[in-house]
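Residue numbers (UniProt numbering): 1 to 221.
And the structure:
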């Protein structure tokens, strides 16, 4: 594998009340808009999937964001890090009909056979009606997840087991896990079939902070 990834600066602080030059939208307004509340993601119809992705990569560091997820059966907010060769850290998978839990996970090189690494985390108040600050700290040897500044999960690298080790971009994605076209297992995981009579579904992101420990201008591997 040969990849050259542009590095993010050592510190990115984005209110998301206006477009930030370090991030790219994969939809236009009204599916992603900016206002005093933050970046607003909207789903009205099937197959809509607003995404916000950092233009550069981090090579270890920390990421945090304030998120108010969308209520709606089968509606998923995915806040995660991902590399070009499919290393991944799921900072928060928030479900539109779960007021009590969200999911954390991590993968190495796209190997989804280790889904046992997915852990559900309880939260103090509904993520669908309250902003919470979700975060992760990633080092060469460990991953720590946080909510509202408190540690909620911590894993250490184990010799011989897959662990994220390549530069990753910061990603926010709102998508319909409960679509009829999805695999039954995905629909069940998402909480059930989505009823678009309940649309539009709307979520908010603000105060995104990224600390890139990798330094340099780009990463080649």
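A virtual CB, placed ideally from N, CA and C, is assigned to each residue, including glycine.
As the structure is a computational prediction, the values presented were derived from the model and not from experiment.
- In the DSSP assignment, the residues bridged to residue 39 are 34, 205.
- The C-alpha of residue 186 is placed about 20 Å away from the C-alpha of residue 198.
- Beyond the five residues adjoining it in sequence on each side, residue 123 comes within less than 8 Å, by CB distance, of 100, 101, 102, 132, 147 in the same chain, given in chain order.
- Assignment of residue 198 by DSSP, reduced to helix, strand and coil, places it in the helix class.
- Of the candidates 142, 39, 76, 76 places its Cα closest to the Cα of residue 49.
- When DSSP assignments are scanned along the stretch 95 to 182, the uninterrupted stretches of beta strand (DSSP E) that are 3 or more residues long and fall wholly within it turn out to be 101 to 107, 119 to 122, 132 to 138, 142 to 147, 150 to 156, 169 to 176.
- The three-state reading of DSSP puts residue 188 in helix, counting H, G and I together.
- Comparing alpha-carbon positions, the option among 212, 109, 205 lying closest to residue 52 turns out to be 205.
- Per DSSP, the continuous beta strand (DSSP E) segment holding residue 51 begins and ends at 51 to 54.
- Under the three-state reduction of DSSP output, residue 83 falls in the coil class, being neither helix nor strand.
- For residue 64, the closest C-alpha among the options 84, 44, 151 is that of 151.
- Around the beta carbon of residue 183, fewer than 16 other beta carbons sit within 10 angstroms, so the residue counts as exposed.
- Secondary structure note for residue 219: its beta strand (DSSP E) is the uninterrupted segment 218 to 220.
- In terms of Cα proximity to residue 106, the closest of 91, 178, 96, 97 is 91.
- Collapsing the DSSP output to three states places residue 59 in coil.
- Annotated three-state conformation of residue 193 is coil, per DSSP.
- Within its own chain, the residues whose Cβ lies closer than 7 Å to the Cβ of residue 176, once the five positions on either side in sequence are excluded, are 43, 46, 74, 75, 194, listed in chain order.
- DSSP links residue 93 through a beta bridge to 78, 103.
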